[in-house]
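Chemist:
2 protein chains.
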Amino acid sequence: MTRAVARSHPNIALVKYWGKQDEQLILPAAGSLSLTIDAFPTTTEVTLDSGATEDTFSLNGIPGAVGQTARVSALLDIVREAAGVSTFAHVDSVSEIPTDAGLASSAAGFSALAAAAAAAYGLDLDPRALSRLARRGSGSASRSVIPGLAVWHAGNDEESFAEPVDGPDVRMVIVTLSTGAKPVSSREAMRICMLTSPYYSAWVDSTKWTLEGALEACKDNDFTRLGRITELHANRMHALIQSADPPIRYLTPQSVAVFDAVAQLRQEGRNCYATADAGPNVVVLTTPDDADRVARHLAGFGQTRVVGAGLGAAVIERGVAS
Amino acid sequence: MTRAVARSHPNIALVKYWGKQDEQLILPAAGSLSLTIDAFPTTTEVTLDSGATEDTFSLNGIPGAVGQTARVSALLDIVREAAGVSTFAHVDSVSEIPTDAGLASSAAGFSALAAAAAAAYGLDLDPRALSRLARRGSGSASRSVIPGLAVWHAGNDEESFAEPVDGPDVRMVIVTLSTGAKPVSSREAMRICMLTSPYYSAWVDSTKWTLEGALEACKDNDFTRLGRITELHANRMHALIQSADPPIRYLTPQSVAVFDAVAQLRQEGRNCYATADAGPNVVVLTTPDDADRVARHLAGFGQTRVVGAGLGAAVIERGVAS
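Here the protein sequences line up with chains P and C, keeping their order.
Numbering of the first sequence is given in the numbering used here, commencing with residue 1 and proceeding in unit increments.
Numbering of the second sequence is given in the numbering used here, commencing with residue 1 and proceeding in unit increments.
1. Judging by CA-CA distance, which residue of C:Asp124, C:Met194, C:Ala234 and C:Leu149 is the nearest neighbour of alanine 278 (chain C)?
2. Just the Cα atoms here: how many angstroms apart are threonine 210 (chain P) and proline 10 (chain P)?
3. Is any beta-carbon of chain P found at less than 8 angstroms from that of serine 34 (chain C)?
4. Contact check, threonine 43 (chain C) vs valine 94 (chain C) under 8 angstroms by CB: the rounded distance?
5. Does DSSP put glycine 67 (chain C) in a helix, in a strand, or in coil?
6. Would a check of beta-carbon distances place leucine 298 (chain P) closer than 8 angstroms to chain C?
7. Taking Cβ positions only, does alanine 52 (chain P) come closer than 8 angstroms to chain C?
8. Among C:Ala214, C:Phe110, C:Ala70 and C:Ala119, which has the Cα closest to the Cα of glycine 319 (chain C)?
9. For alanine 351 (chain C), decide whether its Cβ has a neighbour in chain P, counting only Cβ atoms nearer than 8 angstroms.
10. Can you pull the chain C residues whose beta carbon is under 7 angstroms from the beta carbon of proline 247 (chain P), in chain order?
11. Which of helix, strand or coil does DSSP assign to glutamate 212 (chain P)?
12. Anything in chain C within Cβ reach of proline 253 (chain P), meaning under 8 angstroms, just list it in chain order.
13. Could you please give the first and the last residue of the uninterrupted alpha helix (DSSP H) stretch that includes arginine 249 (chain P)?
14. For chain C, check one thing: does any of its Cβ atoms lie closer than 8 angstroms to the Cβ of proline 198 (chain P)?
15. Have a look at C:Tyr200, C:Ser138, C:Asp124 and C:Lys16 and flag the residue whose alpha-carbon is nearest the alpha-carbon of glycine 109 (chain C).
16. Have a look at the DSSP bridge pairing and note the partners of glutamine 303 (chain P).
17. Can you pull the chain C residues whose beta carbon is under 9 angstroms from the beta carbon of aspartate 205 (chain P), in chain order?
18. In this structure, how does DSSP classify tyrosine 17 (chain P) when only helix, strand and coil are distinguished?
19. May I ask you to verify whether the segment 3-22 of chain C touches the segment 224-231 of chain C, counting CB pairs closer than 8 angstroms and requiring at least 3?
20. Determine the chain P residues that contact glutamine 267 (chain C) at a beta-carbon separation under 8 angstroms, and present them in chain order.
21. Could you tell me whether the Cβ of serine 243 (chain C) comes closer than 8 angstroms to any Cβ of chain P?
22. Tell me the residue span of the beta strand (DSSP E) that contains glutamate 163 (chain P).
23. Locate the beta strand (DSSP E) running through glycine 319 (chain C), then write down its first and last residues.
24. Kindly identify the DSSP beta-bridge partner or partners of cysteine 218 (chain C).
25. With a floor of 3 residues, list each beta strand (DSSP E) that falls wholly inside the segment 41-93 of chain P, ordered by position along the chain.
26. Anyone know if the C-beta pair for serine 255 (chain P) and alanine 276 (chain P) falls short of 8 angstroms?
27. Beta-carbon within less than 6 angstroms of arginine 132 (chain P)'s beta-carbon, same chain only, minus the 5 sequence neighbours each way: which residues are those?
28. For glycine 51 (chain P), tell me which candidate among P:Ala314, P:Thr2, P:Gly64 and P:Leu25 has the shortest Cα-Cα distance.
29. With valine 294 (chain P) as the anchor, note down where its alpha helix (DSSP H) starts and where it stops.
30. Give the residues from the segment 66-100 of chain P that approach chain C closer than 8 angstroms (Cβ to any Cβ), ordered along the chain.
31. Which residues in chain P have a C-beta closer than 7 angstroms to the C-beta of alanine 13 (chain C)? List them in chain order.
32. Could you tell me the alpha carbon to alpha carbon distance between valine 294 (chain C) and glycine 310 (chain C), rounded to whole angstroms?
33. Does the Cβ-Cβ distance between arginine 270 (chain C) and aspartate 290 (chain C) come in under 8 angstroms?
34. For the alpha helix (DSSP H) containing alanine 29 (chain C), name the first residue and the last one.
35. Using a Cβ-Cβ cutoff of less than 7 angstroms, which residues in the same chain neighbour arginine 128 (chain C) once the five nearest sequence positions on both sides are dropped?
36. Examine the Cβ distances between the segment 18-30 of chain C and the segment 188-200 of chain C and report whether three or more of them are shorter than 8 angstroms.
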């Protein structure tokens with residue numbers, strides 16, 4: 001039996017992925033930009049088992065639910081088809097994302113799975129191909145394959161991968177407000193927005209030129225412009241979500257208070273800009289100089305954690321299973 | 001000297017006016033629907049003075065600021081031109097809107113002014129013509145001319161007036177959260193949205209069919225549908241405003257908490273839906289049966305006041321000044 005272990009980290013988007021042009025291939029309606037962070041890795045082991053009659057999946061030692069295992073298996077099918085191998089596998093994942101961090105686990109999860117599965121099944125994929133593979137598991141996983149700042153291109157199956165972007169040295173302060181389950185999953189909310197929001201097509205268009213601006217800001221090493229775009233764009237994503245029918249709101253009164261506190265910190269001269277994904281937690285984009293001060297200032301709202309640019313997906317062990 | 005006194009009440013929109021197609025004539029980009037309420041009237045006296053060399057204006061006994069007086073004078077100019085009279089006038093207004101109610105004063109103010117000025121200058125205007133005149137002072141004033149539920153039509157100068165709409169018997173609970181000045185005036189915020197939001201044209205389109213739905217709900221006496229539309233549409237207006245560059249947010253953490261509380265009350269079987277204008281206060285559309293209970297339940301958030309359908313603009317005194 002061959003096996004491989006890979007590790008990957010979550011990423012947090014500055015320009016968001018929200019809307020698909022192809023549900024099956026997970027092709028995004030617009031490109032996006034994120035930071036793969038240096039905390040909360042997922043480590044995934046894929047072990048081929050010629051005696052197995054189906055794939056198995058466990059997360060933190062607990063057998064995956066049917067739906068989870070099916071998603072894992074669907075990604076393995078793509079790898080098996082490319083490798084010309086039909087052997088089933090055991091997939092064991094350990095996620096270091098604390099349940100209460102409110103970070104999506106699917107990006108790091110499918111990025112680590114793609115890397116481990118490719119290695120275990122003997123595929124030699126370059127980063128672009130690996131990013132494309134991870135994308136099939138979960139769109140944002142395409143970005144977690146890449147270290148640090150990464151742009152994920154829209155386009156067809158061949159064109160839609162993530163790659164590294166040079167840019168300013170940034171930090172993020174993750175402000176954790178809630179442990180509650182999301183009212184609506186982001187996958188479902190994205191679908192509702194596509195179907196019911198009058199703003200959806202304008203959102204997709206604006207994301208395209210927002211990404212262009214963000215990439216220019218990265219090229220110019222212009223933190224302030226990048227931060228300004230990040231916060232503006234987060235507001236537009238949450239505005240889009242709020243415009244769905246029925247309206248969806250991920251930001252709680254506490255989240256709104258953190259956005260206000262970040263604006264206040266800027267008035268006091270700190271370099272910081274707020275964003276939030278499909279949940280109540282707020283992530284603050286800031287500089288190495290200001291990160292600790294921003295984190296201290298926001299500690300009254302919830303748990304804070306300073307993170308920086310992290311590694312992309314990497315195989316950390318491979319060989320023949322015992 | 002001839003004089004006239006008129007009274008008019010504020011209105012609260014269920015389908016909002018947010019965006020102009022003509023700044024000069026104050027023609028809205030889309031139609032809107034509101035309830036003229038039975039509280040907080042403005043009473044305005046217009047007295048012609050052949051010896052005066054300019055118009056004067058006072059609000060609650062205090063001389064108006066230059067900008068305020070200029071807006072009053074501009075409306076009087078329209079009346080004078082129609083009447084073929086050039087005499088200046090003294091305008092004295094008493095507004096019963098408490099400063100901390102957070103309700104716009106311009107709708108009742110310009111509606112009362114239009115009615116009093118038309119009477120004082122001897123114009124005999126039917127409600128449509130009076131509504132068109134009031135519109136020139138402040139767009140939403142066109143609706144305060146009309147009692148109860150009123151639709152304000154988009155269109156050209158001739159077509160853009162408000163008129164009564166039959167519909168369910170409703171109440172509103174005004175929840176007053178803040179006494180602070182607005183961060184951005186609604187006039188300015190509207191302009192910023194028109195210039196910078198990628199969602200603006202979709203907002204205008206969606207307002208058009210939202211209004212059609214709301215008018216159908218009124219026709220069918222369908223409170224629930226009207227309420228649902230009201231809350232959905234309020235979310236879309238605040239989403240639009242949040243999508244401006246820079247983002248504008250009128251809803252504070254407290255406002256958001258009231259929207260949540262209203263959703264909770266609905267789950268408990270109350271008929272109530274939240275809306276908010278360009279400010280932090282929340283207005284809850286409800287039924288005569290549920291109004292007191294809703295008000296009691298929300299009293300913890302701020303001052304609450306139950307209002308119903310009020311009278312339109314009316315001349316209450318006219319004659320020769322002493």
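Even for Gly, the Cβ is constructed at its ideal location relative to N, Cα and C.
Because the structure is a prediction, the values reported are computed rather than measured.
Modeler: Judging by the given coordinates:
1. C:Ala234
2. 22 angstroms
3. no
4. 5 angstroms
5. helix
6. no
7. no
8. C:Ala119
9. This structure cannot settle anything about residue 351 (chain C), because the visible part of chain C is limited to 1 through 322.
10. Leu232 and Asn235
11. helix
12. Pro253, Gln254, Val256, Ala257 and Asp260
13. Run containing arginine 249 (chain P): none; DSSP gives neither H nor E here.
14. yes
15. C:Ser138
16. P:Thr176
17. Pro198
18. coil
19. yes
20. Per Cβ cutoff of 8 angstroms: no residues; glutamine 267 (chain C) is ~13 angstroms from chain P at best.
21. yes
22. 162-164
23. 314-320
24. DSSP output for cysteine 218 (chain C) lists no bridge partner at all.
25. 42-49 and 56-59
26. yes
27. Phe161
28. P:Thr2
29. 291-298
30. none
31. Ordered by position in chain P, no residue passes the 7 angstroms Cβ test against alanine 13 (chain C), which lies about 17 angstroms from the chain.
32. 20 angstroms
33. yes
34. First-last for alanine 29 (chain C): undefined, no H or E at that position.
35. Phe161 and Glu163
36. yes
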